[in-house]
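Residue numbers (the UniProt record's numbering): 1 to 101.
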């Protein structure tokens, strides 16, 4: 059994936009989860992308988990416009404190 490389998630702030970026050792491409900031207390999760090389590694979920943790730390709610974030939020009722459907 081989261990999967760890997913490293970082955040890049771009004024009214932002993105969580997933990187993995040995994979040149990166995954991203983009957000739009509506206000200091509300963001929209717009889009999640994981390249083929990251599919099945947990990279997309790691980015959503980073978004959830960031929302809790900074006190904002998330509108899950992205189908992946919406689907994950329905599987994780414990995120209800930061998800706005």
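Using N, Cα and C, we set each Cβ at its ideal position, and we do this for glycine too.
Since this is a predicted model, take the numbers as computed values, not measurements.
Of the listed residues the options, nearest to residue i (C-alpha basis)
i, options, result
"residue 17", "23, 25, 40, 7", "40"
"residue 36", "53, 48, 23, 25", "48"
"residue 19", "66, 89, 73, 100", "66"
"residue 76", "68, 101, 42", "42"
"residue 60", "79, 34, 74, 44", "34"
Supposed close pair residue i, residue j - CB separation, criterion 8 Å
i, j, result
"residue 85", "residue 98", "Actually they are not in contact, since the Cβ atoms of residue 85 and residue 98 sit about 11 Å apart, beyond 8 Å."
"residue 83", "residue 89", "Their Cβ separation, rounded to whole angstroms, is 11 Å, which puts residue 83 and residue 89 out of contact at 8 Å."
"residue 5", "residue 25", "5 Å"
"residue 104", "residue 27", "Lying before the first or after the last residue shown, residue 104 is absent from the chain, which here runs from 1 to 101."
Interface flag, residue i vs chain C, CB-CB below 9 Å
i, result
"residue 95", "The structure shown contains no chain C; it is built from a single protein chain."
Reduced DSSP category for residue i - H, G, I as helix; E, B as strand; rest coil
i, result
"residue 1", "At residue 1, the pLDDT of 43 sits below 50, so the modelled position is not reliable; the number obtained from the coordinates is stated separately. The answer is coil: DSSP assigns residue 1 none of H, G, I, E or B."
"residue 8", "strand"
- Unbroken stretches of the beta strand (DSSP E), 3 residues or longer, contained in the UniProt domain "N-acetyltransferase" (12 to 100): Annotation: the UniProt domain "N-acetyltransferase" (12 to 100) contains the following complete segments of the beta strand (DSSP E) (minimum length 3 residues), in chain order: 17 to 24, 27 to 39, 42 to 49, 77 to 80.
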